Amino acid sequence: ERGMGSAVGQVPEYCEQITRWVMEVAKIPVIVKLTPNISDIVIPARAAVAAGANALSLINTLNSIIGVDLETLEITPNIGGKGGHGGYAGPAVKPIALNMLAALGKDSIMGRARLPISGMGGISTWRDAAEFLLLGASSLQVCTAVMHYGFRIVEDLCDGLSNWMDEKGFAGISDVVGRSLYRVSDFNNFDLSFQAVARIDQQKCIRCNLCYVACNDAAHQCIDLIAKDGTLVQPQSYDIQANGKEEAIGTRPSVHVREVDCVGCRLCYNVCPVEDCIRMIEEPSGRPSVTWGQLSESQRDVTEDWEKMKKYREKMGIDIH
Ligand SMILES: Cc1cc2nc3c(=O)[nH]c(=O)nc-3n(C[C@H](O)[C@H](O)[C@H](O)COP(=O)(O)O)c2cc1C
Ligand code: SF4
Ligand code: SF4
30 ERGMGSAVGQ VPEYCEQITR WVMEVAKIPV IVKLTPNISD IVIPARAAVA AGANALSLIN
90 TLNSIIGVDL ETLEITPNIG GKGGHGGYAG PAVKPIALNM LAALGKDSIM GRARLPISGM
150 GGISTWRDAA EFLLLGASSL QVCTAVMHYG FRIVEDLCDG LSNWMDEKGF AGISDVVGRS
210 LYRVSDFNNF DLSFQAVARI DQQKCIRCNL CYVACNDAAH QCIDLIAKDG TLVQPQSYDI
270 QANGKEEAIG TRPSVHVREV DCVGCRLCYN VCPVEDCIRM IEEPSGRPSV TWGQLSESQR
330 DVTEDWEKMK KYREKMGIDI H
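When we follow my numbering, the leftmost residue of the sequence shown carries the number 30, and every step to the right adds one.
Have a look at this one:
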């Protein structure tokens with residue numbers, strides 16, 4: 030690290046100072062590119078805005094070490110046996126980029142400045158591109174995917190995006206830019222009465238039991254293994270040699286969600302290898318709708334005193350297990 034972009038981008042004062050120097054002499058529009066190697070992206074973004082930047086772009090790469098060679102014990106890749114951090118990019122960084130983009134879109138100072146934002150970080154498909162637009166990017170950049178697939182990927186992005194916009198009835202990019210920002214919120218504004226449960230389509234299920242393992246070992250132990258006669262089956266008590274769906278249906282128990290205990294964490298949904306086999310279904314909870322913010326105002330003691338919170342939960346029939 031030679032104290033260049035990533036280093037100065039982490040110090041808002043430098044970000045502002047350097048942008049100001051550039052703005053003094055620039056004869057073309059200046060786009061300040063932000064590093065994601067910082068906890069709050071809004072701070073350097075505001076610094077660049079204060080210095081008069083014409084636009085922003087984000088994200089650059091994340092500092093990362095790819096791995097260690099277990100034979101030589103060297104960092105990999107390395108130069109003559111020594112390695113340092115490289116820049117992580119591509120699909121894995123997309124959620125980070127979207128979060129940072131949305132943070133800028135929600136910031137009131139950024140909102141008043143109305144600077145165009147160029148979005149990047151993991152864009153590989155037209156769907157990715159659409160998501161960046163929806164969260165406030167008015168132009169897009171693609172690096173890793175071009176390295177991987179070549180420039181022709183841009184045509185695929187344009188075609189897909191254009192078809193999707195036609196389907197949705199969007200006349201131009203400006204109809205899309207920032208359209209989902211109002212849906213980005215925080216815990217304070219989420220409805221505490223919201224309830225969703227996992228539901229399994231038995232016709233599609235291949236009985237791989239990945240959902241059972243995920244829920245049992247890492248979530249809320251509310252998926253049961255059920256034998257043909259309806260009795261509960263203990264794990265490891267049945268033949269796991271089945272090859273393919275047909276055989277598995279004959280020899281393995283089926284998986285059933287005890288919906289009353291399901292907290293809607295989506296872990297099973299994420300591990301299921303069969304498309305649309307597990308769906309998350311919104312269920313009316315029967316409790317009045319209230320957010321944490323509203324509760325803090327109307328019943329502050331409940332949000333500050335653990336015993337009062339426990340009583341509130343009992344009264345509302347909220348069971349945390
Ligand atoms: C091999 C490589 C080299 C890069 N070099 C630069 C660079 O010199 N300057 C820069 O601002 N960003 C550089 N980037 C960052 C990209 O421009 C982009 O911000 C980042 O990779 C995220 O987008 P992506 O997921 O589409 O790759 C580089 C990225 C990669 C993968
Ligand atoms: S959503 Fe979570 S709690 Fe509900 S069945 Fe799936 S893994 Fe279990
Ligand atoms: S992960 Fe999906 S396919 Fe596998 S057992 Fe569960 S529901 Fe069936």
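Each residue gets a CB set at the ideal place from its N, CA and C atoms; glycine is no exception.
As the structure is a prediction and not an experimental result, all values here were calculated from the model.
Whole-angstrom C-beta distance between residue j and residue i, which should lie under 8 Å
i	j	result
I229	V286	6 Å
G150	K123	6 Å
P302	C237	6 Å
M129	I70	4 Å
A225	M309	5 Å
I79	E53	According to the sequence as given, residue 79 is Ala; it is not Ile. Rounded, the Cβ-Cβ distance is 14 Å, inconsistent with contact.
I72	P41	5 Å
A74	L85	6 Å
Cβ-heavy atom distance, residue i to ligand 2, below 7 Å
i	result
L239	no
R295	yes
H249	yes
C172	no
C291	yes
V284	no
I252	yes
Selection from the options that minimises the alpha carbon distance to residue i
i	options	result
D305	I138, G112, Q231, L130	Q231
T64	G109, A118, N83	A118
L169	A158, E326, A131	A158
R208	A131, I95, C294, Q265	A131
W321	F216, V242, D258	F216
D136	A227, V213, T332, N218	V213
D348	D246, Y267, S222, G279	S222
D258	K274, G279, L239	G279
I190	R181, N218, E160	Sequence inspection shows Leu at residue 190; the Ile mentioned does not correspond to that position. Looking at the Cα atoms, E160 is the closest of the given residues.
G38	A55, S68, I57	S68
Y298	V242, L163, V51	V242
E312	E336, A227, N245	A227
F180	S153, L296, N192, W193	S153
N89	D334, E184, V171	V171
G315	M345, N107, P41, P264	M345
A126	R141, I255, L162	L162
F219	E333, D330, V319	V319
K56	N66, P73, A82, E42	A82
G370	N66, L99, I269	Because residue 370 is not part of the residues shown, which for the chain are 30 to 350, the question remains open.
M33	V284, P264, K62	K62
is_contact[residue i, chain B] using C-beta, thresh 8 Å
i	result
K337	Here there is only one protein chain, and chain B is not present.
Check: residue i C-beta below 7 Å from any heavy atom of ligand 3
i	result
I229	yes
R308	no
V226	no
P302	yes
C244	no
C234	yes
V262	no
V206	no
Ligand 1 heavy atom lying under 7 Å from the CB of residue i
i	result
I152	yes
I146	no
G34	yes
A118	yes
T90	yes
M149	yes
V122	yes
K337	no
K62	yes
Does the region 285-300 touch the region 250-258, meaning 3 or more C-beta pairs lie closer than 8 Å? yes
Below 8 Å, can you find three or more Cβ-Cβ pairs linking the region 189-200 to the region 134-146? no
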